[in-house]
Amino acid sequence: MKNVKTLWLIPARGGSKGIPGKNIKPFLGRPLVCRAVDQALECAAVGDVVFVSTDSEEIAKAAESSGIQIPFMRPDILASDTASSYSVIMHALSEFEKRGLEFDRVVLLQPTSPLRRIDDIRKASALWSKDADMVVSVCEAKTNPYYNAFETDSEGMLHISKGDGHFTRRQDAPKVWEYNGAVYVMTVSSLRKGDFSSFSRILPSPMPSLRSVDLDTPDDWIIAETLFSRLNDITPDNP
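Residue numbers (the working numbering): 5 to 243.
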């Protein structure tokens with residue numbers, strides 16, 4: 005996009021309870037964080053910056069082996085599993101601002117979405133404009149409040165969460181979406197006004213459910229590697 009400066013931000017802290025060392029663990033032969041760096045470099049325009057926010061020297065070294073620089077590290081206070089993504093983003097923007105670099109938008113690519121493709125990133129990026137707070141990748145939600153999600157009333161009885169429950173087939177109910185964690189394209193001016201909860205203009209960028217696996221447990225890893233191989237037999241990755 006012309007005259008738009010983008011920070012391609014890849015968050016990758018060292019500590020991980022579900023899958024120890026997951027950000028440098030090889031996924032089909034390539035460290036997880038390096039796959040995200042490769043994709044960011046493929047999409048970045050002249051003048052953009054690709055950066056891995058990490059507290060780990062080992063992760064930083066792996067990221068730099070992919071051809072980027074890590075001019076500063078994430079502080080320990082932002083390296084716990086309770087640190088918010090918003091705080092990590094604002095820290096990166098602040099540090100780059102000190103170095104004379106300012107951006108119009110941040111594209112956040114989590115390493116833990118290994119089935120994300122270049123086309124997914126480009127599609128979300130193309131949907132973005134300065135009028136939007138954020139474009140986010142989504143997949144169709146597994147449960148639908150118009151059809152198979154229920155709440156209990158004051159007597160403990162189940163009732164459909166939304167609507168009057170007249171939908172007898174899932175395909176007739178309105179589609180509902182859930183964030184899949186693969187791509188976030190955020191407007192910096194919106195970020196400076198408040199965190200994600202303050203965003204009112206959010207555009208969805210749909211992705212297939214099969215490619216929306218987020219790596220959180222060892223089982224997720226096995227599923228993702230199996231799906232990657234099978235999906236690429238049908239439609240080759242890019243990458």
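Glycine is no exception: its CB is placed at the ideal position from the N, C-alpha and C atoms.
Pairwise C-alpha distance: residue j and residue i
i: isoleucine 206; j: phenylalanine 55; result: 24 angstroms
i: glutamine 114; j: leucine 195; result: 18 angstroms
i: proline 30; j: aspartate 137; result: 34 angstroms
i: leucine 82; j: phenylalanine 171; result: 45 angstroms
i: proline 35; j: valine 110; result: 23 angstroms
i: tyrosine 183; j: serine 89; result: 14 angstroms
i: tryptophan 181; j: leucine 231; result: 21 angstroms
i: serine 98; j: serine 202; result: 20 angstroms
i: aspartate 199; j: glycine 167; result: 30 angstroms
i: glutamate 106; j: histidine 163; result: 50 angstroms
i: glycine 169; j: arginine 39; result: 44 angstroms
i: asparagine 242; j: serine 117; result: The predicted model places asparagine 242 with a pLDDT of 48, which falls under 50 and marks its position as unreliable, so this point remains unresolved.
i: glycine 19; j: methionine 161; result: 43 angstroms
i: leucine 219; j: aspartate 85; result: 15 angstroms
i: aspartate 135; j: lysine 197; result: 14 angstroms
i: asparagine 7; j: tyrosine 150; result: 43 angstroms
i: leucine 112; j: alanine 44; result: 9 angstroms
i: glycine 33; j: serine 158; result: 54 angstroms
i: glutamate 155; j: glutamine 175; result: 21 angstroms
i: asparagine 285; j: arginine 103; result: Nothing in the structure corresponds to residue 285, since the chain is present only between 5 and 243.
i: phenylalanine 72; j: serine 204; result: According to the sequence displayed, residue 72 carries isoleucine and not phenylalanine. Spanning the two alpha carbons is a distance of roughly 34 angstroms.
i: valine 50; j: arginine 126; result: 16 angstroms
Residue-chain proximity (residue i, chain C), Cβ-Cβ < 8 angstroms
i: lysine 127; result: Here there is only one protein chain, and chain C is not present.
C-beta atoms of residue i and residue j nearer than 8 angstroms
i: arginine 78; j: arginine 173; result: no
i: serine 57; j: alanine 87; result: no
i: arginine 234; j: alanine 186; result: no
i: serine 291; j: alanine 153; result: In the structure as shown, the chain starts at 5 and stops at 243, and residue 291 therefore has no counterpart that could be examined.
i: glycine 25; j: threonine 221; result: no
i: lysine 9; j: aspartate 108; result: yes
i: valine 217; j: aspartate 223; result: no
i: isoleucine 122; j: glutamate 229; result: no
i: leucine 13; j: isoleucine 74; result: no
i: valine 192; j: valine 139; result: no
i: isoleucine 59; j: aspartate 80; result: The question names isoleucine, but residue 59 in the sequence shown is aspartate. Yes, they are a contact pair.
Proximity test, residue i beta-carbon vs the ligand HEM heavy atom, cut-off 7 angstroms
i: lysine 166; result: Looking at this structure, you won't find the ligand HEM or any other ligand, since it has none at all.
Whole-Å CB distance - residue i paired with residue j, under 8 angstroms assumed
i: serine 209; j: serine 141; result: 5 angstroms
i: leucine 11; j: phenylalanine 76; result: Incorrect: roughly 13 angstroms between the Cβ atoms, too far for contact.
i: valine 4; j: asparagine 27; result: Nothing about residue 4 can be read from this structure; the chain reaches only from 5 to 243.
Subject >> Inter-stretch contact at 8 angstroms, needing at least 3 Cβ pairs: the stretch 126 to 134 / the stretch 50 to 65 >> reply: no
Subject >> Uninterrupted beta strand (DSSP E) stretches inside the stretch 119 to 168 (no shorter than 3 residues) >> reply: 138 to 144, 154 to 156 and 162 to 164
**OP:** Counting only runs of 3+ residues fully inside the stretch 18 to 47, write out the beta strand (DSSP E) ranges in chain order.
**Re:** If we require 3 residues or more, the stretch 18 to 47 turns out to have no beta strand (DSSP E) run fully inside it.
**OP:** Check whether the stretch 142 to 153 touches the stretch 199 to 219, counting contact only when three or more Cβ pairs, one atom from each stretch, lie closer than 8 angstroms.
**Re:** yes
Subject >> Minimum length 3: unbroken beta strand (DSSP E) runs contained in the stretch 57 to 106 >> reply: Secondary structure in the stretch 57 to 106: no beta strand (DSSP E) run of 3 residues or longer lies completely within the stretch.
Subject >> Whole beta strand (DSSP E) elements within the stretch 164 to 210, 3-residue minimum >> reply: 181 to 191 and 206 to 210
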